[in-house]
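Numbering (the working numbering), first residue to last: 1024 to 1263.
A short write-up of the structure that comes next.
This is the structure in structure tokens:
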């Protein structure tokens, strides 16, 4: 697959993300097979008899299409960045696409469905086994285990004053990050993602919020920074 084809496919996928995210709220939770089939749903454009309802529906669809174009532009830029800074591992694009969809669903419904988080862990193992992610299979396994254990320990220690800090989907998401980037990338994402997460909470004036978008932003930052040898070596030395 050449680069132009990859950009085209990713642009179409990003364009559809708001549509997919909107659709997930109608049938989740669901098993993987059901979720896959029901994700591809073409809406019926039946006309409402009430004029006010027609205007509301038109307004909602206009907003949704605008969000699709915005998602497409952001996605195309993201794919260009990740392939520019990580040209030897284009398979990471699959993770970026999955994270984008997960963050959109999390922002809309505050859930990270297993149908996306679990495959991200499996794909991380696959990528490491066939040298498609830049880490060894051993590092991938250790990263996934730590991604599952670290947030669980943190939640257990802070439960008395920060109850329900992380959901099960967040834990599986971090396990997936560990399987893709190992312990170094996992620790970086856990620490740095606090910043965009805190900013989003401040903007929303809330004490609770979705974590997926913060992880997505931090993963892009990690890929960009570790493309520079000096920064990658520094991070490895600091964390390991």
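Glycine included, every Cβ here is placed at the ideal spot set by N, Cα and C.
Fair warning: this is a prediction, and the values are worked out from it, not measured in the lab.
Coarse secondary structure for residue 1224, derived from DSSP in three states:
helix
Just to confirm my understanding: we take residue 1220, look at its own chain, exclude 5 residues before and 5 after, and list those with CB closer than 8 Å. What are they?
1232, 1234 and 1237
DSSP three-state assignment for residue 1218, whether helix, strand or coil
helix
Suppose contacts are defined by Cβ-Cβ distances below 8 Å. Is residue 1118 in contact with residue 1085 by that definition?
no
Provide the residue span of the alpha helix (DSSP H) that contains residue 1051, from first to last.
Looking at the DSSP string, residue 1051 is not in any alpha helix (DSSP H), and its letter there is neither H nor E.
Using the Cα positions of residue 1216 and residue 1028, report the straight-line distance between them to the nearest angstrom.
31 Å
Are the Cβ atoms of residue 1050 and residue 1061 separated by less than 8 Å?
yes
Under 8 Å between the Cβ atoms of residue 1278 and residue 1094?
With the chain covering 1024 to 1263 only, the question about residue 1278 has no answer from this structure.
Let me know if residue 1082 comes out buried or exposed under the rule of 16 or more other beta-carbons within 10 Å of its beta-carbon.
exposed
Please return the same chain residues whose Cβ sits closer than 7 Å to the Cβ of residue 1122, not counting the five positions on each side in sequence.
1238, 1239 and 1242
Check this for me: beta carbons of residue 1150 and residue 1159, under 8 Å apart or not?
no
Go ahead and pull the three-state DSSP assignment for residue 1136.
coil
Count the other CB atoms, across all protein chains shown, that sit within 10 Å of the CB of residue 1054; report buried if there are 16 or more and exposed otherwise.
exposed
By the DSSP assignment, the alpha helix (DSSP H) with residue 1098 in it spans what residues?
1074-1108
With DSSP run on the structure shown, which of helix, strand or coil describes residue 1249?
coil
Sorted by chain position, which residues of the same chain lie with C-beta nearer than 8 Å to residue 1139's C-beta, five sequence neighbours on each side aside?
1121, 1124, 1125 and 1128
For residue 1196 versus residue 1209, is the C-beta spacing smaller than 8 Å?
no
Comparing C-alpha positions only, which one of 1247, 1103, 1147 and 1092 sits nearest to residue 1313?
No answer is possible for residue 1313: the residues shown for the chain start at 1024 and end at 1263.
Status (buried if at least 16 other CB within 10 Å, exposed otherwise) for residue 1265:
Any answer about residue 1265 is impossible in this case: the structure gives the chain only from 1024 up to 1263.
Just to confirm before moving on: does the CB-CB distance between residue 1105 and residue 1246 stay below 8 Å?
yes
According to DSSP, simplified to helix, strand and coil, what is residue 1130?
helix
DSSP three-state assignment for residue 1113, whether helix, strand or coil
coil
Find the nearest neighbour of residue 1059 within the set 1114, 1136 and 1212, judged by alpha-carbon distance.
1136
Collapsed DSSP secondary structure at residue 1186 in the structure displayed:
Model confidence at residue 1186 stands at a pLDDT of 48, short of 50, so the residue's coordinates are unreliable and nothing is read from them.
Would you verify that the beta carbon of residue 1243 is, or is not, closer than 8 Å to some beta carbon of chain C?
Annotation note: the requested chain C is absent from the structure, which comprises a single protein chain.
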